[in-house]
Each structure stands twice: as C-alpha cells, then as structure tokens.
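Residue numbers (this note's numbering), protein chains in the order written: chain D, 40 to 419; chain A, 40 to 419; chain X, 143 to 467; chain B, 143 to 467. We treat Cβ as the ideally placed atom computed from N, Cα and C, and that holds for glycine. One structure is given below, encoded as structure tokens.
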Amino acid sequence: MVAGSHPKDIWATATRADGMTSARVRPATVERGARAPAGVPDARRVEAYRWMVLARLVDERCLTLQRQGRIGFYVPLEGQEAAQIGCALALEAADWIFPAYRELGLALVRGVPLETLFDQFIGNSGDVLKGRQMPNHYGYRDRNFVVASSPVGTQITQAVGAGLAARRRGDAIATIAFFGDGTTSSNDFHAGLNFAGVFRAPTIFFCQNNQWAISLPRAQQTHSATLAEKARAYGFEGVVVDGMAIDEVYRAVRQARERAVAGDGPTLIEAQVYRFGPHSTSDDPKRYRPAGELEKWKQHDPVAGFRDELIREGRLTVQDDEKLWEAARAEVASAWKTAESKPPVDPLSFLDDVFAQPTRELEDDRRRLAALLAQREGKP
Amino acid sequence: MVAGSHPKDIWATATRADGMTSARVRPATVERGARAPAGVPDARRVEAYRWMVLARLVDERCLTLQRQGRIGFYVPLEGQEAAQIGCALALEAADWIFPAYRELGLALVRGVPLETLFDQFIGNSGDVLKGRQMPNHYGYRDRNFVVASSPVGTQITQAVGAGLAARRRGDAIATIAFFGDGTTSSNDFHAGLNFAGVFRAPTIFFCQNNQWAISLPRAQQTHSATLAEKARAYGFEGVVVDGMAIDEVYRAVRQARERAVAGDGPTLIEAQVYRFGPHSTSDDPKRYRPAGELEKWKQHDPVAGFRDELIREGRLTVQDDEKLWEAARAEVASAWKTAESKPPVDPLSFLDDVFAQPTRELEDDRRRLAALLAQREGKP
Amino acid sequence: MTELTLVQAVNRGLFEAMRQDPDVLLLGEDIGLNGGVFRATEGLQKEFGAERVIDTPLSECGIVGTAIGMALYGLKPIAEIQFMDFIYPAFDQIVSELAKFRYRSGGQYPCHVVIRTPYGGGIRGGLYHSQSTEAFFCHTAGLKVVVPSTPADAKGLLLTAVHDEDPVIFLEPKRIYRSVSGEVPEGDHRVPFGVARTAREGSDVSILAWGAMVPTSLEAAAKLADEGISAEVIDLRTLVPLDEAAVLASVEKTGRAVIVHEAARNAGFGAELAARIAEKALYSLRAPIARVTGYDTPFPYALEHLYLPTPERIESAAREAVRAG
Amino acid sequence: MTELTLVQAVNRGLFEAMRQDPDVLLLGEDIGLNGGVFRATEGLQKEFGAERVIDTPLSECGIVGTAIGMALYGLKPIAEIQFMDFIYPAFDQIVSELAKFRYRSGGQYPCHVVIRTPYGGGIRGGLYHSQSTEAFFCHTAGLKVVVPSTPADAKGLLLTAVHDEDPVIFLEPKRIYRSVSGEVPEGDHRVPFGVARTAREGSDVSILAWGAMVPTSLEAAAKLADEGISAEVIDLRTLVPLDEAAVLASVEKTGRAVIVHEAARNAGFGAELAARIAEKALYSLRAPIARVTGYDTPFPYALEHLYLPTPERIESAAREAVRAG
Ligand SMILES: Cc1ncc(C[n+]2csc(CCOP(=O)(O)OP(=O)(O)O)c2C)c(N)n1
Ligand SMILES: Cc1ncc(C[n+]2csc(CCOP(=O)(O)OP(=O)(O)O)c2C)c(N)n1
Ligand SMILES: [Mg+2]
Ligand SMILES: [Mg+2]
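Here it is in structure tokens:
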C-alpha cells in the first residue's frame, strides 16, 4: 500500500443515503516479504495501461449495447481495472483462474480475444459456450480460465481442489479464485479457505473489495475490521492492498504466487477498490449510494492515475495516449462488428452437453424438436 | 484458564497412531473482564458436583444399555461434564439453548427429568418427541431447550435468529449454541457468527473442543492456532477456557452472558476438553486415538478434579461423596426402571405433526395404516 | 379493488401483513433501501424501519437459519431469496431443519417461516436466474409449496402463507411479475391453500398448470377453442397441499390430461400429477397422460424460447390427446 | 469370484479403481485411518497413502467443491458423504456446479466426480440417518444416479461410475451393506449404466424397485407365488440413465405395475416411473399404477418398521392390482 496514496477521507467513514455509516478501514497490516518484488516490470507497463484502457472502453461500449438491446445484460468493471490487470500480469499462463462474473480485464490479459468475449455476450454461433450462459459468465479452457457461474463463492473451493490436483501432478502452478467483498459471507469462502489452510493449497484468494455487494455496503457485510484478516481464522496470512494502484496489486500477487509455488500455502489478498458503475445493467446505484462517495473514489481512478504515472515516468506522452485510446476504440468497434454479424447459435444445440453422450430421452427430444422447428418453417 | 492446571504435554504435540502430529495449542489469549465474576457460587458448588456425578453415571449406564440392546444408540459426554455443567449453571432459565447431541449434562441442570430423557432414548409412549428421533436428539420447550438435529452446525444460525427475536421482543436474555470443534468447519458456523457480528446478536457460541470430530483430530480440522480466534474474523471476541475446570467455564459464560444481555454482542467460547469415550456407541476410538492420549487427559478428569477441590474446600467429605454416588446410582436405576416399563409409542403417531393440520393424503394414510394394523392383529 | 401487477400485489401483501402484525418481519439481500432487485419490497423499509426489513449479509444459509431461529422464538419472518437459483446454500436449513422442526420435536416447535423467491424462466436469465425446482420442495414432507399466477392470488396466497402455522415456500413467477395485471382486493384478502382455480372451463382436455405456465396454457386453450377443442385449464395454486380432488374431477370429466411445467421433465412435479391420475382416475383416461415441460438440460440462455413450454407445444399435446381417443 | 457382502464389494471396487488409475483418489470424513463409519474405505489409506485417501475437515461443501476442482484439473475424485442425510450442505455445489459444468462451458469442462453415499432406512437411524432423496438428483439434469442392490452390482456399477465421463451420485443401500452377500467377480468387473436387471421373472404384475427395496420386493414376490400370483421384479440399478425400455416391456407384458421405494411418495422417483408408464404404456394397463413407498413424513425412529415398505404392503398392492383387472 503506497502510504498516502489516498486522502484519508476515502478510507474513513462514509455516510449512506439512509444515514447508516459504512466504515472504510485503512489497511491494518501490510505484508512485505523480505524479497518484495517490484511492481509491474518496465517492459510491461505500457502494455498494462493498454489493457486498462481497453477494458474501460469495452465497459463503456457494453453498457451502451445493453441499453440498445443488442446484448441482454452486462456487468461492468469500471474502477477495478488496476486490480484485475495488475493481478493478471502477475500470474503465469499455466496458473488456473477461477473467476466470478466481473473479471473482463483479467480475461483480456489472459489472451481471450475480444471478439470471443462479444460472441459470448451475444450467445451467437461463435460462442464457445454455445449460447448457454448469460453475458459475463464465460470460460476458456485453452486459457486456463475456468467457466464462471452465477452463484457466488462456489469457485473458491473449486480453486482449492484444482490447486491440490496440480500439486499432486507435480505442476508448479498456483490456482486463484476471484470474488467480491460480499462473497466472503458465502459457504464456500469458509470451506475453501479452511481446506486451503489445512492442506496448504497453492491457492490465491483474490478478493476485490469494491465496497458494495449490490446495495449492501462493506460495513454491513461483516463486522471484521478488514476482509484480509479473515485469513487468520484459517491459519494463513491475509494482506490488504490498494487496488487502485496497479503496482501494489502486482507485487502482492507475485508474492502470493511465489509462496504458493514454493509450497508455503495459500494467501488471501484484499484489493480495496470501488465499483464506479452499477452492480450490473439491472441495477440502479442511485437508490443506495451515499452522495459524494463515487466522486471521492473517482479522484483515484486507476486508469487516469496510471496514465499520469506513465507520463511522469516518461513512458507515455499525451499524444501516445490519445493514439492508444483511438486504437483501442477501433479494436472494440471492429471486434463488435464481426461478432454481431455472426449467425445465431444452432437451435438444437441447447440439448447437447448435458452428458458426454446424450441419453435416449435427450435424443428423442432432439428428434421431436427438430421436427417441430422444421414444421414451423414449413418444411416437411 | 488456571495457569499450570495441566501439565504442558497435554497442550503440546500429540502423536497420532498414524504418525501424524496433532498440535494441541495453549490458549493464545485469555480474556478477563474488568469485573470478572467468580466461579460457581458457594451455594451451588456441591449441587454442581452432584450434576457431574449424575451425568457420569447416566453415561455409564447408557453405554451398558446400548450394549444390551435396550437402547439403540448413545452419545457419551464423559470428560465434558465440567464444561457442560459449568455452562448450564451460568445461564438463566429464560436463556434459550440450542444444543448439539452431546449435551446431556446441560439438559439435566436445566431440569429435564432423567426419566424424560430415558423415555426419549427408548422412544416410548412417555417420549415428548413421540419416538421420532434417535437417542440424544431431544428438546424440551418448557425448558427453553430447543430440539436437536443431527446435521452439525444448523443450530448456530438458529440461535442467532432467536437472539435477535428476543431482542426485538425486549427480552433481556441470551441465546446459546453448542457445538464441537469439528463443527467450526460447517457452513452455519460461518454464517451464524457473521450474522451475529453484523447484528450484534445476544448470542453465545459455546464450542466444546473435545479434540476430535469422530476420527479427525483438531489439528486436521483447521489450521488456525485456536478455535476461539476465529471470532475475530467476525468482529468480536473469542476466548479459550480450560473446559476441565468448572469455575473457568462458569466465569467465561457469565461474562459472555452479561455482554449479550447488555447489548454488547456475541462471544465465542472455546472450552478445551477431551472426549474420554467413543464418539458414539457406533464408534471405536482404538482405530484412531494415539496411544497414551486418553490416559494423559484422564489425569484431569473434571469430576475427580472437582471432587478433590470440594474436599479441599471442606464442602464435601469422602463419606458424603460415597453417599452422593450411591444416591445418584439409585436415581438412575429408578428412572430407567420407570421409563422401561412404559408402553411403546402409539403406532399411528408417526403420521402426526408433519403440519399443524394433516393433509388429506396423510389422513388417508392414517386410515389405511390403521386398517392394516387391525388386520394384522386379527381385528375386523 | 385496484389494478395491480403481480409484483405490486406481492408488495401490497407484504405491506398488509406487516401492518397487521408487528411480529412479521422481512429479511433478505438488498430488500431494504434497494427495495429488492425486483422491487417487491419497495417502500417497506421506509415504512417499517431497518429492524423489521433487514438487509442481510450475502448468505442464504444465514438468512434461512436466522429466520428459523426467529420463528422458533415466535416471530413471523418472511425471508426473501433473491432468485430461486440461489436457494441451495440454504437447502440444508430448509430440508433438514425448517421442514422437520415440528415433527422432530413431537409438535413442540412449530416453525413458521415464509420463504419468498422469484422463480422461472423467460427473462433471459440463463442457467442461474431461471430455475423452477419446486419438485425438490414438494418432495420434502413438512413444507407447503405455493405458486400464484395472478395478482389477486399473489396477494391472497401470501397473506394466507403469513397466517399459516407451517413453513411455506412461496414461488413468484418473475416472468409475469409485470406482464400480468389484474384487480386485487384491498385489505386482508386471503386465498385458501389446497384449492385449485379453474382458470378456464372446458370438456375435451384438462390442462394442469401453475405459475407462469397458467397464462401460457390459457393462450393455448384459446387457440384450441378456434379448432373446436374445448380445453379446461386448472391453476393448481398450491402444490402442497394439492387439490387432488379438483385434478381428478377435471380429468374424469375430460378423459385427457396435459400437464405443463417449466421445470425439467424428469422427476418434476408433473410426474406426481401423472402418477396420481394413473392411480386414481385411470379408468377415465381416453388418452395417454402428456407432459409439456422444460427439457432435461440445465436452463439455456440464448435459446430459452425453445426450452420453455410454448402455447404451440401445449396445443400439439392437447391435439394428440384428443386424437388418441 | 468371491462371496462378499455389499459393503465389502464397494471396498473391493475402490481398491480396484485406485490400483487401475493413479488419478483416482478419495476424499471424505473419517475415511482414512478410521476406514469410514461403515468401513467401506477400510485399508485404503494404508495401501494408497494419505495423499490419495484424504480425511477432510467436517464440510460437505468443501468436500464436493474441492472434488470438483480436482476433477476439472483431470483427476478422478471419489467423494464420500458420510450419510445421504448430510449431503445438503453440498447441495449447491452438486446442483449448481457439478451437474452443470459440462453444459455451461459448452462442453469444455467435463466434471467427473463420483459421490458415494450410504442411503436409506432400516438401521434405526431416525430422521437424519435414513433418508433416500434420490429424486432430488434425478430431477437435476447432468447427474447420473446409481443404486446397486447386490454385491456384484455394487462393485460393477462403481467401476463403471469411476470410468464414466459424467458426474455420478452413487447411492449405497446401507441397510443391506452386510445383510446381503453374493458372488462378486474379481478384477475389472463392470456393469453398464442404463440396463435394468430382471431380478425375478413373472407374468402377472411388474414390481419396479431399486436398492434395498429389491430384496424386499423379492420377498414379496416369493410370497405372492404361493398364492399363484406371478410377480416380475425389475431392479432398475441406474435411475439416470433409466432403462425405460425394460420398464415398459415388463409392464406391457404383465399389464400391472407396482412401484416400490423408501423415499416419501410425493414427487418421489416412483412418480416419474408412473408418469412414463401412463404416457407410453397406458393401453397395456389392466389396473391402476400402484406406489408402495415411504410416507410423506420425515423419517421416524421408533416406528421405522411401519414407515418402510414391507413385503406385506407390496403383496397387498400386487394383489389389488391383480384383482382390478
Ligand atoms: C448464492 C448467491 N446469492 C445471491 C446472488 C445474487 N448476487 C449476485 S452478485 C451479488 C453481490 C456480490 O457482491 P460481491 O461479492 O461484493 O461482488 P461484486 O458484485 O461487488 O463484484 C449478489 C447478492 C448470487 N449471485 N449468488
Ligand atoms: C453435516 C454433517 N456431516 C456429517 C455428520 C456426521 N458426524 C456426526 S458428529 C460428527 C463429528 C462432529 O465433531 P464435533 O463438531 O467436534 O463434535 P463432537 O462429536 O466431537 O462433540 C460427524 C462428522 C453430521 N452429523 N452432519
Ligand atoms: Mg463487492
Ligand atoms: Mg469434537
């Protein structure tokens, strides 16, 4: 945590619209390993920024597309770019990711093509998931990016299991579970961290504390001072990092990864961030967000902050920056165009993949549905 | 925790039969309130001992009865008498108890007649529960002793809910949930303690850490140093007490109760005890218990220890003690005799109490079953 | 009488129940300031305070466990589960505890919790915002299972649920939360449990449905009428207790049964209806019992319109039944 | 061939599976040193080590979630749930995750976990050591549901489960763990899924059963034979996939169906069988379809002998069916 990187008031007490106070807690302890790795390496700093910009623009675009009815739903990540991209850069390609539904920045850095993500948002014939899932619930085996589900927390125990399996196979990798502040209340958070502690799993628990679980503020989610300190209940360390500062995040994840791979067990990382947008396109934060809170956090916009840093570091000029945004905008537009032009998903495909081989009943259903569809189209 | 009350080796490292080590942890912190109440009051010390003796004898008797096939199952509490009876004495009659299945000592102090407990173990016509439940899964509304179930942990969130309800009603009581070390891994432990922390419930979480969850030693249950410290993850205090020392337990529960009733929220108490017997009559601890462990703990037998204390205190003579055991033995024998002589439960009664009013289907079933039974007995 | 949507009727029912009895309280995720993600609890926290309309941490296990404790103590908690798909973290509490408290205590501990939850597809919710797993709860002795299909019934059954003495799983068909509206009586309107509603009378075939499938079935019935097939539509309203007599009477009259539900077919509640008819009205049957249901797949996103029963599929089943005999 | 009890056959199956493939591992409560509370895993930790026979903390949620993660990574975990009654803390992982991984990932992530659990009554286990809630899992698309009734099938179906590519709920009838014994082939014995076993041939009435109800049904069939009623007993062996053809063929032959299960009747799997017969073999039926099941109550302790289906109740249902037509 860069001392003094935020003005006190953000970490202090915010007042909700209903007069309840939600305590923002300054990190109690910040772990610093003896050989603390530096932040995002020089060679990847501009790349990191490019990912942040791309994520920001995808967000913007998707919110519009949803309003236009061209995608059905969207979960924005605005405000959480540094946390996700810093984390993604600190991982190795062989590490297994167990995402929640808000990890678009992570997916991009992992190398999931934007078009592939858009295909998923539409659920078209290009969608690897065959149109089965709501937008944002994607997963790509070839990127070690496990497919998300909606019920919160379930990925946490699974990440532990995969970590133990990797260890058994002799693979020197880490597994990492992503989840939000609200999800620390879930059954699987408890079971997953406990199993990880007992079995010293090579697993990182990456909590993006964006201060809200839909309309419930962090202070009403749990009475502990920080989320990170919950790790103690399971016999390992938790650390709080400033999730608006990409280098902080990178460093903490590198350390946790080293620990995992060295056989030193799990780590819980609480990245303190803020959700700038709504919970999802179905949500209206005006109903619950206290006046002024968003504005305060926006002063610490991770994208703008990192741009300024890069400019100060002499790695980026204002002109570079403009070009970079433009290029990213073009990339988004072109990927969307290609995705949107693809034909819809095969109508019978929703009957596949229930089992490795369909049951007789599913084969019958397929035959009957095919006949019905043919009839509808006036075919014999 | 009475310093030096146990030799170091009990708290140090024990070795399991399979060579694994199970760390016994000396209490990290012991909370002492400013106005720490004393132990079991003078006027109740001999009474307390009497309950301990009675519980011990019921245990002995029930193990025999089970071997003889006269009851179907039994869960002994031997070794946990001080924890349970110290706790029971510290509570008020209006406090609501949410037990697990091992809380016989507690039930006795609460005033549940022994005969009533035996009726339940048999499941006879005197059983308030109408023969529905396995032995040890009892509950008595008139004693504010909620009916137990087998799935571990479920009582924990319920105790929190009852505590919040009591507060809403303006009743200055505490609710208390009983559970074992293994149950700290359950879903409801996490949810219950988290809700209690957030809502400042007047609830006591009383964990009898008897070092084993069937065959799993405490050290393999969770990697935290103590169980008590898990409370920190929920924003309140946990304390470790020596559960073999009745005064320690009494004091901790009194304090927690005062805190609850004063509106100062929940407390987690970890009473470190040892299960002298098998997990249940279905269990054989020889399969997993490391050699010598039981013997070490038996040196701290809570019943013998408290007797010696009372003798030292001049409250009890050896002769008194002998008489007391004799009287208790007679009480057990007579209660059992009465219980065993009662007729069996009404055969149709298992169809009752599914709902407040039976459905038409259940009425039909009752009619049909009555006919079948009549036919069996050769009645028209 | 006021014209209300279904979700408004639920909201009015909650207002009414809370006004009637200070022991009634609500707990759930985002139900306070936010008024619930579907706005079913809109305005309630403002009216009754945060002590009676309680925003909980994100734990269904905690919500139901806490509600049970409150009910044991004598309050009348109404728990909201944000989507039926998220009820499973609380499944242990519901199946092991809520359903069994009265029974296992020999009648000492009634446990009256109402669990409200939006269920069903048709809102592009994919696998996890679309499920209808009422069969799980019907199979669990000790629970009542209620599914309104009209605004008036939503309010009336909800008030009955709140005044009942047993635990109630109250399923709200979110697909028709806003698309259906109708007259709803003011005040303490109650609709009894165990009494099915004949949504449309007919003589050729009985269509048995509940929740969001009732309007779909009525659409089918209207089209069938154009072909000269007179379909009766029975809205079961409560699955437990079931108005078996109404089901049997209708099938005995028509000789044909088409059962409609959104849930997967295999071991769905439709099977239970078929089994009862095959046991108790076999000799009236003029055609095989048909089931028009969701498929035995998880609930899909892009193709939910093919997954869900449509009037077209219901009509076709009814037509076949009529053709059969 | 060796004469084994059912629980010994399970144990041999586990030994065989673990010898065949180093990716097979076990996790559960008390399965290591203790050998499982029913001793199904006796000797396995000694043979294969604590890395492959893993004693877990007391969390079914953790057991199944961890097993899923292992399976995604490519291992073949077999999870033990100590009693079926304690599976509910893991219900979310089973229903939301295990059953849906392959589907929701478009086929990218098969998720092959076998969950073994002892089920059923008859051991004086009361409400929480007696349940048979197979219907929950049958209703959940994506799960296979297996219930052996003989030692040979216990081993053979278990090995098939371990080599299958889909998640399997493997239910072990604990009531006959030791009371039934029989010849069990050595080595890699496999019994295919989806193929019912005719436990006894007959021509007057079809008794459809699984697990511990198969011997009970056979007892009934033997007594019925004395009265001149020829009962066929079909042991379904796997409920999903179901050998529907065998069920229909038998009922078409006999014209009468008596379905037997321990679970509560309402929305039990017996309803599904009845529904399929009423849809696909209606015209063969000479009598109403009967169900002999547990009651719609929680499972009682002292009176479990009245709760459970007995030969007497099965006989009486068969007799009635024969009398009917
Ligand atoms: C088990 C479960 N209950 C409820 C929901 C509905 N829900 C979706 S996201 C969410 C809040 C999650 O908050 P948090 O974990 O902080 O993640 P964030 O959305 O803030 O990233 C809720 C309640 C769900 N998805 N799963
Ligand atoms: C949910 C659930 N899983 C498994 C069991 C089986 N079981 C009964 S008691 C027990 C161990 C409990 O250990 P602990 O909490 O330490 O209590 P103790 O028996 O030692 O008093 C287990 C695993 C259960 N009752 N409930
Ligand atoms: Mg959040
Ligand atoms: Mg224990």
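Check whether the Cβ of residue i sits closer than 7 angstroms to any heavy atom of ligand 5, and report yes or no.
{"i": "A264(A)", "result": "With respect to ligand 5, the structure shown offers nothing to examine, as its ligands consist of ligand 1, ligand 2, ligand 3 and ligand 4."}
Can you tell me which of the options puts its alpha carbon nearest to the alpha carbon of residue i?
{"i": "T222(D)", "options": "L390(D), A284(D), R84(D) and I195(D)", "result": "I195(D)"}
{"i": "A363(X)", "options": "F190(X), V166(X) and R342(X)", "result": "R342(X)"}
{"i": "G248(X)", "options": "G178(A), I161(A) and P324(A)", "result": "G178(A)"}
{"i": "R171(A)", "options": "A354(B), P442(B), G191(B) and E193(B)", "result": "P442(B)"}
{"i": "V191(A)", "options": "D281(A), V79(A) and A216(A)", "result": "A216(A)"}
{"i": "D347(A)", "options": "N163(A), Y88(A), R405(A) and F275(A)", "result": "Y88(A)"}
{"i": "A410(A)", "options": "G467(B), A463(B), L448(B) and V179(B)", "result": "L448(B)"}
{"i": "F228(D)", "options": "A272(D), A264(D), P241(D) and Q259(D)", "result": "A272(D)"}
{"i": "A267(D)", "options": "T306(D), V148(D) and H318(D)", "result": "T306(D)"}
{"i": "L116(A)", "options": "A413(A), E154(A), T377(A) and F218(A)", "result": "F218(A)"}
{"i": "R368(A)", "options": "L96(A), G78(A) and V79(A)", "result": "L96(A)"}
Interface residues of chain B around residue i at Cβ under 7 angstroms?
{"i": "D404(A)", "result": "Y437"}
{"i": "T193(D)", "result": "G207, D234, Q235, S238 and E239"}
{"i": "T398(D)", "result": "P383"}
{"i": "G221(A)", "result": "L200"}
List the residues of chain B whose Cβ lies closer than 8 angstroms to the Cβ of residue i, in chain order.
{"i": "I253(A)", "result": "E171, D172, N176 and V179"}
{"i": "I431(X)", "result": "A417, A420, E421 and L424"}
Using a Cβ cut-off of 9 angstroms, pull out every chain X residue sitting near residue i, in sequence order please.
{"i": "F234(A)", "result": "T198, P199, S201, G204, I205, G207 and T208"}
{"i": "V393(D)", "result": "Y437, D438, T439 and P440"}
Determine the chain X residues that contact residue i at a beta-carbon separation under 8 angstroms, and present them in chain order.
{"i": "D134(A)", "result": "The contacting residues do not exist; D134(A) stays about 12 angstroms from chain X at best."}
{"i": "S188(A)", "result": "S238, E239, K242 and R246"}
{"i": "F411(B)", "result": "A409"}
{"i": "Y270(B)", "result": "S238"}
Counting only Cβ pairs nearer than 9 angstroms, list the residues of chain D close to residue i.
{"i": "Y230(B)", "result": "Chain D residues near Y230(B): none, gap ~11 angstroms exceeds 9 angstroms."}
{"i": "T261(A)", "result": "N233, G236, V237, A272, Y273 and G274"}
Are any of the Cβ atoms in chain F nearer than 8 angstroms to that of residue i?
{"i": "Q123(A)", "result": "Reference to chain F is not applicable here, since the protein chains of this structure are D, A, X and B."}
Can you round the beta-carbon distance between residue i and residue j to whole angstroms, since I take them to be within the 8 angstroms contact cut?
{"i": "V420(A)", "j": "L167(X)", "result": "Because chain A in this structure spans residues 40 to 419, residue 420(A) falls outside the shown range and cannot be described."}
{"i": "V23(A)", "j": "A122(A)", "result": "Lying outside 40 to 419, the shown extent of chain A, residue 23(A) is not represented and no answer is given."}
{"i": "V206(X)", "j": "A221(X)", "result": "6 angstroms"}
{"i": "T198(X)", "j": "G170(X)", "result": "6 angstroms"}
{"i": "P260(B)", "j": "F312(B)", "result": "Not really, about 10 angstroms apart at Cβ, beyond 8 angstroms."}
{"i": "S272(B)", "j": "G353(B)", "result": "Rounded, the Cβ-Cβ distance is 13 angstroms, inconsistent with contact."}
Using a Cβ cut-off of 8 angstroms, pull out every chain D residue sitting near residue i, in sequence order please.
{"i": "G267(X)", "result": "M173"}
So which residues of chain A does residue i contact, with C-beta pairs closer than 8 angstroms?
{"i": "N226(D)", "result": "N226, H229 and A230"}
Measuring from each Cβ to the nearest heavy atom of ligand 3, keep the ones under 6 angstroms and list them in chain order. G219(D), D220(D), G221(D), N249(D), W251(D) and A252(D)
Report the start-end ranges of each beta strand (DSSP E) in the stretch 231-285 of chain A that is 3 residues or longer and not cut off at the edges. 242-248 and 277-281
Secondary structure, beta strand (DSSP E): runs of 3+ residues fully inside the stretch 263-345 of chain B: 286-288, 310-315, 323-326 and 339-342
Just to confirm the assignment: which complete alpha helix (DSSP H) runs, minimum length 4, are found wholly within the stretch 172-252 of chain X? For the stretch 172-252 of chain X, the full-length alpha helix (DSSP H) segments reaching 4 residues or more read 186-190, 202-215 and 243-246 along the chain.
Which ranges would you report for the beta strand (DSSP E) in the stretch 113-166 of chain A if only whole runs of at least 3 residues count? 135-137
Ignoring anything shorter than 3 residues, give me the beta strand (DSSP E) runs that lie fully in the stretch 405-437 of chain X, in order along the chain. 432-436
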